[in-house]
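In what follows, a structure is listed as structure tokens, so that the remarks can point back to it.
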Amino acid sequence: MRINRCPSLSLCDRVTRRAFLQIGGLGALSMSLADGRRAQGETVQRQGFGRARSCIILWMTGGPPQHETWDPKPDAPGEIRGPFGSISTSLPGVRVGELMPRTAQILDRLAVLRGVHTDNPSHPGSSYEMFTGTVHPRGKGRDDVVDSRSDFPNYAALVNRFRPAPAGTPTSVVMPEPIFNVPFYPGQNAGFLGSQWDPWLLTCDPTAEDFQVPELKLGQDVSRDRLVGRRRLLDQADQALSRGGSIGQYAARQGEALELLGGGSIRQAFDLSREPAEVRDAYGRHKFGQCCLLSRRLVEAGVPFVQVNWHRAANDDTPMWDAHWKLEENLKNKLMPPMDQAYPTLLDDLQQRGLLAETLVIWMGEFGRTPKLEYVQPHPTVGCNHWGNVFSIALAGAGIRGGVVHGSSDKDGAFPHDFPVEPPDLLATMFHALGISPELEIRDPLNRPFPLSRGRVLDRLF
Numbered sequence: 061m062r063i064n065r066c067p068s069l070s071l072c073d074r075v076t077r078r079a080f081l082q083i084g085g086l087g088a089l090s091m092s093l094a095d096g097r098r099a100q101g102e103t104v105q106r107q108g109f110g111r112a113r114s115c116i117i118l119w120m121t122g123g124p125p126q127h128e129t130w131d132p133k134p135d136a137p138g139e140i141r142g143p144f145g146s147i148s149t150s151l152p153g154v155r156v157g158e159l160m161p162r163t164a165q166i167l168d169r170l171a172v173l174r175g176v177h178t179d180n181p182s183h184p185g186s187s188y189e190m191f192t193g194t195v196h197p198r199g200k201g202r203d204d205v206v207d208s209r210s211d212f213p214n215y216a217a218l219v220n221r222f223r224p225a226p227a228g229t230p231t232s233v234v235m236p237e238p239i240f241n242v243p244f245y246p247g248q249n250a251g252f253l254g255s256q257w258d259p260w261l262l263t264c265d266p267t268a269e270d271f272q273v274p275e276l277k278l279g280q281d282v283s284r285d286r287l288v289g290r291r292r293l294l295d296q297a298d299q300a301l302s303r304g305g306s307i308g309q310y311a312a313r314q315g316e317a318l319e320l321l322g323g324g325s326i327r328q329a330f331d332l333s334r335e336p337a338e339v340r341d342a343y344g345r346h347k348f349g350q351c352c353l354l355s356r357r358l359v360e361a362g363v364p365f366v367q368v369n370w371h372r373a374a375n376d377d378t379p380m381w382d383a384h385w386k387l388e389e390n391l392k393n394k395l396m397p398p399m400d401q402a403y404p405t406l407l408d409d410l411q412q413r414g415l416l417a418e419t420l421v422i423w424m425g426e427f428g429r430t431p432k433l434e435y436v437q438p439h440p441t442v443g444c445n446h447w448g449n450v451f452s453i454a455l456a457g458a459g460i461r462g463g464v465v466h467g468s469s470d471k472d473g474a475f476p477h478d479f480p481v482e483p484p485d486l487l488a489t490m491f492h493a494l495g496i497s498p499e500l501e502i503r504d505p506l507n508r509p510f511p512l513s514r515g516r517v518l519d520r521l522f
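Numbering of the sequence shown is given in the working numbering, commencing with residue 61 and proceeding in unit increments.
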């Protein structure tokens, strides 16, 4: 398991990840586990609706098709309707794609947004908008945008900043890998806000029999007493340097790393062997399923924000949800079965444990697919290209009204018909649920003020 957003690379300050994480050289571990506790004298404003203690994002990397998921068009011509039919749901009069039979049975708990749009056909560009609620400075439709410290902070970083977890608990965890397509997509970190607010990006495989987080294990030469001693020394250093600006803050962040290593709840949360076999089976013994289970365990342990990214499968010629070709084969055999197993299981599990009422769960991707089936050269089978003009997402929990379909697309599923939703609206609603006012301001290095989101809270969802 790794904690850096750049697998196989050194950090920007040339410190390797291994050196960064080892307890013997605690150097900078806690800088990746940042939260608002280290801002001395800084008051964290807690405004907004505040029903969500935690938020889980299920990110369908690549762009899931709207017609085969949340917005089927059963009466449209075949080239628009697609290769699959639709099925009834627990919500009378509302249908979903036929490959979602289990999800169909929980639609009365969900709010489905069918008019979301970015008008951006670029994977990194549209992802950036969904992550930050802002358009990339280089504009829409560009595939050459990459991550930068000038990026607007993403939602996970802003939760880090305004909803810090208790000591010894990370605030934002993203797994099982960062999102990339050769370069890393922009908008996955704290950007201009500073690396101290970056989410904890984990590269992991919780399906492995020996799955563990080595970064959370004490070294063989470090006893519990020795760890406590280091904590005391750092406390003394922090007190002595508390007026020393970044040096004092650095010592404080080292102390937080020790709190995380010394505390047992988070290490136990990552220990999937504690789960009964039938629970692990219910989620599915695939990476998405076990990551969904891990997300439940993390919010149960007090982590405010968890994102599960749909992962790249080894030797997959049509990676993730980017169904340019082999649409029928990949949806039927690779994508929909694990998603339709793990997603409703997660919601059921959260509800049975009394956690759904305080956990906002959002299912989404960066965009949808072209509403009409196409041959994508040079491939011999039909598929769908990128489509940011309309797509669907789903929300549940934390005061979100179930059985709601918010907005609609036109007859072909090509453009919003009514109640369109843009990324800033989604982020404003997310922050509102988490008790963070979207109107709070952050400042860039030039001291220019920016609200967390310029969107409107979707009041109809509550």
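Glycine included, each C-beta is placed from N, C-alpha and C at the ideal position.
Status (buried if at least 16 other CB within 10 Å, exposed otherwise) for residue i
i, result
"residue 113", "buried"
"residue 338", "exposed"
"residue 155", "buried"
"residue 138", "exposed"
"residue 193", "buried"
"residue 503", "exposed"
"residue 355", "buried"
"residue 393", "exposed"
"residue 269", "exposed"
"residue 369", "buried"
Identity of the residue in the options nearest residue i by Cα
i, options, result
"residue 387", "117, 111, 128", "128"
"residue 432", "140, 230, 201", "140"
"residue 211", "165, 255, 224", "255"
"residue 405", "160, 427, 135", "160"
"residue 389", "121, 119, 143, 124", "143"
"residue 397", "344, 409, 436, 238", "344"
"residue 186", "434, 499, 427", "427"
"residue 215", "332, 391, 498", "498"
"residue 121", "331, 478, 130, 191", "191"
"residue 381", "220, 374, 395", "395"
"residue 109", "508, 460, 472", "460"
"residue 358", "168, 221, 222, 228", "228"
"residue 418", "327, 332, 365, 224", "365"
"residue 226", "268, 207, 326", "326"
"residue 266", "519, 241, 333", "333"
"residue 329", "510, 485, 350", "350"
"residue 252", "520, 521, 510", "510"
"residue 479", "485, 468, 486", "468"
"residue 416", "342, 360, 197, 232", "360"
Under 8 angstroms between C-beta atoms of residue i and residue j
i, j, result
"residue 347", "residue 384", "no"
"residue 146", "residue 132", "yes"
"residue 111", "residue 493", "yes"
"residue 165", "residue 429", "no"
"residue 425", "residue 123", "yes"
"residue 449", "residue 475", "yes"
"residue 234", "residue 481", "no"
"residue 243", "residue 264", "no"
"residue 230", "residue 260", "yes"
"residue 466", "residue 173", "yes"
"residue 257", "residue 223", "no"
"residue 457", "residue 410", "yes"
"residue 422", "residue 455", "yes"
"residue 462", "residue 170", "yes"
Euclidean distance between Cα positions of residue i and residue j
i, j, result
"residue 515", "residue 218", "15 angstroms"
"residue 205", "residue 249", "14 angstroms"
"residue 488", "residue 182", "23 angstroms"
"residue 505", "residue 179", "29 angstroms"
"residue 363", "residue 446", "34 angstroms"
"residue 496", "residue 438", "48 angstroms"
"residue 12", "residue 464", "The question about residue 12 has no answer, for the chain in this structure spans 61 to 522."
"residue 195", "residue 246", "11 angstroms"
"residue 262", "residue 412", "28 angstroms"
"residue 336", "residue 353", "12 angstroms"
"residue 508", "residue 213", "14 angstroms"
"residue 271", "residue 472", "45 angstroms"
"residue 443", "residue 136", "17 angstroms"
"residue 407", "residue 451", "22 angstroms"
"residue 324", "residue 331", "11 angstroms"
"residue 483", "residue 207", "19 angstroms"
Those residues which DSSP pairs with residue i across a bridge
i, result
"residue 424", "119"
"residue 234", "261, 367"
"residue 156", "147"
"residue 192", "According to DSSP, residue 192 bridges with nothing at all."
"residue 486", "In DSSP, residue 486 forms no bridge with anything."
"residue 244", "240"
"residue 187", "Its beta-bridge partners do not exist; DSSP assigns none."
"residue 429", "446"
Beta carbon proximity, residue i to chain B, threshold 8 angstroms
i, result
"residue 406", "Within the model displayed, chain B is absent; a lone protein chain is all it includes."
Distance cut-off 7 angstroms: residue i Cβ against heavy atoms of the ligand NAP
i, result
"residue 346", "Within the structure as shown, the ligand NAP is missing, as the structure has no ligands at all."
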